[in-house]
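J.: Chains as they are written, first to last, in the numbering used here: chain Y, 20 to 200; chain X, 89 to 347. Note that CB positions come from ideal geometry on N, CA and C, so glycine has one too. One structure follows; several queries about it will come next.
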Amino acid sequence: MPDADLGAYLGEVARGDQAAFEVVCARAAATVFGVVRSVVRDPFQAEEVCQEVLLEVWRCASRFRPGRGSAMAWVTTIAHRRAVDRVRAERRLAEREQRATAHTIAYDEVAETVQARLDRERVRRCLRSLTELQRESVTLAYYGGYTFREVSGLLGVAEGTVKTRMRDGLIRLRDCLGAGR
Amino acid sequence: MRPRRPEPHTLAGAYALDAVAGTDKVRFERHLASCPACVRELAELREATARLAGAAAAEPPGGLVQRVVASAALTPQLPPVPGPAERWRARLPMGTARRPARPRRALRARLALALAAMFLAVAAASGAIALTTEHQLGAAERRDHQIAQVLTAPDAVMLTARARPQGTATVVMSHRYRSLVLTTAGLPPLPAGHRYQVWLMGPSGDRPAGLLPAAHGGMTGPVIATGLAAGDWIGLTVAPAAGSPRSASAPILMLNLAT
């Protein structure tokens, strides 16, 4: 989808144009819903968060700066942040409810569902071009909603290493996706 | 020479993935404010994460977009933060400008009014305003003034969260006043001798932040909590009627206040 268009529509939304907002929603809803659902998992909560995200796009459209990145990146940043907030609140609640229970996360389960969701071939191919540690760090953080410290615990790798792998992984991903566009 | 510390720059990837939390996040955002190169890098990395989002795209449930568009019609929008171009344009004589300067104050006032109306409705419904003695009136007036200040703050943000097993909380927060105003709806009624207690929970520890008033029509009147610190969450617990100095029971709700 031509992102410049989406940016132009966002400009109209910032001026209170509801028809433009409908177009933005129609174009971005699947991506927003998809990324939110991968992070929060629960479909009902995903729907709720997705609505919050789209309303925030309406409310904050005037804060979108075309020079600072694409419209889709602006929207997905809002979506992912909200989804992560929600899933971390849920996890904190769960942790406090069972303080005595050992905190374990089924890594295999996360990895498996993540793989199943990656239905876009180019992104999948580019993810395969990362090292295993880069790929795991990036996907656990992005689709699992884990912090780099949690990812370090999950993978049993030093925090500093995870940090740099996330950055290197994203840079490589960006280059791969950009080159094949 | 400054002492060598871990490069904050290396956190850019983790930050683009929203994988930085708490004090790490506060520290990195402080660094970001003074590092244009990091801002650029972050923008580029976010183009990559946007593609990760796109790869997960899924059809949303039917009617979702229509519901959002309908609520948008009732939701006030934030005024733009004027960039250099807008400031320059604003200096042009009327008629030359591409469009008139936005009525920022009016918009802000509308948002404040909408929020205040909502909270006053709750306050009136819950009888929170009906206080009797002079001392109480003084305290109540002070409190109402503080509440109004938060609701009309230029940086006021509204957040909502769900409680377990049911109910919702609405928070209007102002970083400028380091305060928030909280109302709830639909929380389960409590057995006698128990109240809902508000907590601020964060890196500086869990602090009690007041008790919710009794609910009327399922809603509780506005409660103000002051002294917000970076990295705070707000939590609700069930406590003995006098309140508890420690958050002993598991919270029924937690909301991250970092926005």
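Assess, as a yes-or-no matter, whether the region 282-301 of chain X is touched by the region 327-335 of chain X under the definition of 3 or more beta carbon pairs within less than 8 Å.
T.: yes
J.: Since PRO148/X meets chain Y, which of its residues come closer than 8 Å, beta carbon to beta carbon?
T.: ALA48, ALA49, VAL51, PHE52, GLU66 and CYS69
J.: With three or more beta-carbon pairs closer than 8 Å as the criterion, would you say the region 62-76 of chain Y touches the region 305-316 of chain X?
T.: Counting Cβ pairs under 8 Å, fewer than three are found: no touch.
J.: Between which residues of its own chain and PHE52/Y is the CB-CB distance below 6 Å, once the five residues before and five after are set aside?
T.: CYS69
J.: Are the C-beta of ALA125/Y and some C-beta of chain X separated by less than 9 Å?
T.: The pLDDT assigned to ALA125/Y is 46, lower than 50, so where the model puts this residue is not dependable, and the model offers no usable value.
J.: Check the DSSP bridge columns for LEU270/X and list the partner residues they point to.
T.: VAL259/X and VAL311/X
J.: Return the first residue and the last residue of the alpha helix (DSSP H) that ARG134/X is part of.
T.: ARG134/X -> alpha helix (DSSP H) spans 124-143.
J.: Of the choices MET246/X, VAL269/X and ARG252/X, whose alpha-carbon is the least far from that of HIS233/X?
T.: VAL269/X
J.: For GLY188/Y, I'd like the list of residues in its chain whose CB is within less than 7 Å of its CB, leaving aside the five on either flank, ordered along the chain.
T.: Apart from sequence neighbours up to five positions away, the residues of its chain that approach GLY188/Y with a beta-carbon distance below 7 Å are LEU149, GLN153, ARG154, SER156 and VAL157, ordered along the chain.
J.: Is the Cβ of ALA177/Y closer than 9 Å to any Cβ of chain X?
T.: no
J.: With a cut-off of 9 Å, does the C-beta of SER57/Y fall near any C-beta of chain X?
T.: yes
J.: State yes or no: is the beta carbon of ALA27/Y nearer than 9 Å to at least one beta carbon in chain X?
T.: no
J.: Just the chain X side, please: which residues come within less than 7 Å of VAL106/Y by C-beta, in chain order?
T.: In chain order: nothing, as chain X lies at least about 10 Å away.
J.: Closest by CA to ARG101/Y, which one among LEU73/Y, GLY88/Y, ALA90/Y and ALA113/Y?
T.: LEU73/Y
J.: Measuring only the C-alpha atoms, how far is ARG128/X from ALA141/X?
T.: One C-alpha to the other measures close to 20 Å.
J.: What first and last residue would you give for the beta strand (DSSP E) that runs through ASP106/X?
T.: Per DSSP, ASP106/X belongs to no beta strand (DSSP E) and is neither H nor E.
J.: If we cut at 9 Å on Cβ distances, does LEU166/X have a partner in chain Y?
T.: Yes, LEU166/X counts as interfacial toward chain Y.
J.: Count the other CB atoms, across all protein chains shown, that sit within 10 Å of the CB of PHE63/Y; report buried if there are 16 or more and exposed otherwise.
T.: exposed
J.: I'd like to know if TRP287/X contacts chain Y, where contact means its C-beta is closer than 9 Å to some C-beta of that chain.
T.: no
J.: With burial defined as no fewer than 16 other Cβ atoms inside 10 Å of the residue's Cβ, what is the status of GLU147/X: buried or exposed?
T.: exposed
J.: When the Cα of ARG115/X is compared with those of ALA125/X, LEU130/X, PRO96/X and ASP106/X, which residue comes out closest?
T.: Minimum Cα distance to ARG115/X is reached at PRO96/X.
J.: So, under 8 Å CB-CB, GLN165/X and ALA27/Y are touching, yes? Tell me the CB distance rounded to an integer number of Å.
T.: Actually they are not in contact, since the Cβ atoms of GLN165/X and ALA27/Y sit about 17 Å apart, beyond 8 Å.
J.: Could you pull the start and end residues of the beta strand (DSSP E) that GLY172/Y belongs to?
T.: GLY172/Y -> not in any beta strand (DSSP E); alpha helix (DSSP H) instead, spanning 167-174.
J.: Would you call GLY101/X buried or exposed, if buried means 16 or more other Cβ atoms sit within 10 Å of its Cβ?
T.: buried
J.: Output the distance between the C-alpha atoms of ARG179/X and ARG82/Y, rounded to the nearest integer angstrom.
T.: Low per-residue confidence applies at ARG179/X: pLDDT is 37, beneath 50, and the placement is therefore not dependable, though the value from the model is reported in the following sentence. Rounded to whole angstroms, ARG179/X and ARG82/Y show a C-alpha spacing of 21 Å.
J.: Which chain X residues are close to ALA98/Y, counting only those with a beta carbon under 7 Å from its beta carbon?
T.: In chain order: ALA141.
J.: Would ARG334/X be called buried (16 or more neighbouring beta carbons within 10 Å of its own) or exposed?
T.: exposed
J.: Classify PRO242/X: buried if its beta carbon has 16 or more other beta carbons within 10 angstroms, exposed otherwise.
T.: exposed
J.: Compare the Cα-Cα distances from VAL42/Y to each of TRP77/Y, ASP61/Y and VAL58/Y and report the closest residue.
T.: TRP77/Y
J.: Output, in chain order, the set of chain Y residues within a Cβ distance shorter than 7 Å of ALA131/X.
T.: ARG87 and GLY88
J.: Mind listing which residues of the region 149-168 of chain Y have their C-beta closer than 9 Å to chain X's C-betas, in chain order?
T.: SER156, VAL157, THR158, LEU159, ALA160, TYR161, TYR162, GLY164, TYR165, THR166, PHE167 and ARG168
J.: Check ARG264/X in the structure and name its three-state DSSP category.
T.: coil
J.: When we look at the beta-carbon of ALA290/X and count the other beta-carbons within 10 Å, is it buried (16 or more) or exposed?
T.: The identity of residue 290/X in the sequence shown is Gly, whereas the question assumes Ala. Under this definition GLY290/X is a buried residue.
J.: Which whole-angstrom value describes the C-beta separation of LEU316/X and PRO339/X, a residue pair presumed to lie in contact below a C-beta threshold of 8 Å?
T.: Not really, about 17 Å apart at Cβ, beyond 8 Å.
J.: May I ask which residues mark the beginning and end of the beta strand (DSSP E) holding GLN285/X?
T.: 282-290
J.: Note down the Cα distance separating THR137/X from LEU105/X, rounded to an integer number of angstroms.
T.: 7 Å
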